[in-house]
Structures are given as structure tokens and as C-alpha cells.
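Notes for the one structure printed next.
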């Protein structure tokens, strides 16, 4: 079972920036896709951004243009730098990975991002 651990969250003022990281236990070559999802208080978990093993990316409208998802296969790490943060970006951000062979879904424990106005 793969383990995913997010880091990089914190408290930031509106307009600020953060870079989220997700470290995987073992090679991320085995994942057909990885992504970032977020869940605000009282709301359902929603898509942030995804990236396939081939490098294709997809972004939610809410973050489009303000973040760039990337994966470093050598470091087994997924990144999400975010700029121009807004209070509505406040949420717990989760890393997700889908295994190529089993299609098993794995999630990290999440990292809190709080944007103050």
C-alpha cells in the first residue's frame, strides 16, 4: 500500500502564495495519475488539479491560472505551487494517486491551507 504525505500548507494572507508537496513511498512511475483535491469546512471534497503519467494536466476552474501541478519522478513527489491565494481557497488539501495496474485509489492525510483576508 502506497503512502502519501502532504506538506507545505499553512496560514497565508490573501494574495500570497504557497507550494504544496506530496511525497510518495516508492516510485510514482506506478501511478497513472496523481492529483490534488481539497475540502473546505462543510463542503464536499473537490478536484483541484490532476496530472497523468504522460504529463497531461487538468485544473478546476476555481484554481485555473493560479497554480501549476507537476510531478518529479526522480524525487517521487507531486507539487502544487499556488499564487494569488484567496480566502475561498481555505481548505484541507489532499494528495491522490491512482495505481496504473490495480487502479487503486490512495490518499494522503491532508494539509491545511488557511487564507486570511
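Residue numbers (the numbering used here): 34 to 150.
Just so it is clear, CB atoms sit at the ideal spot from N, CA and C, and this is done for glycine as well.
Residue pairing by DSSP places residue 84 opposite 67, 90 in a beta bridge. For residue 129, the enclosing beta strand (DSSP E) stretches over residues 124-132. Here residue 136 is exposed: its Cβ has fewer than 16 other Cβ atoms, across all protein chains shown, within 10 Å. Nearest C-alpha to residue 116 among 38, 34, 53: 53. Taken through DSSP and simplified to helix, strand or coil, residue 74 comes out as coil. Rounded to whole angstroms, the gap between the alpha carbons of residue 96 and residue 107 is 26 Å.
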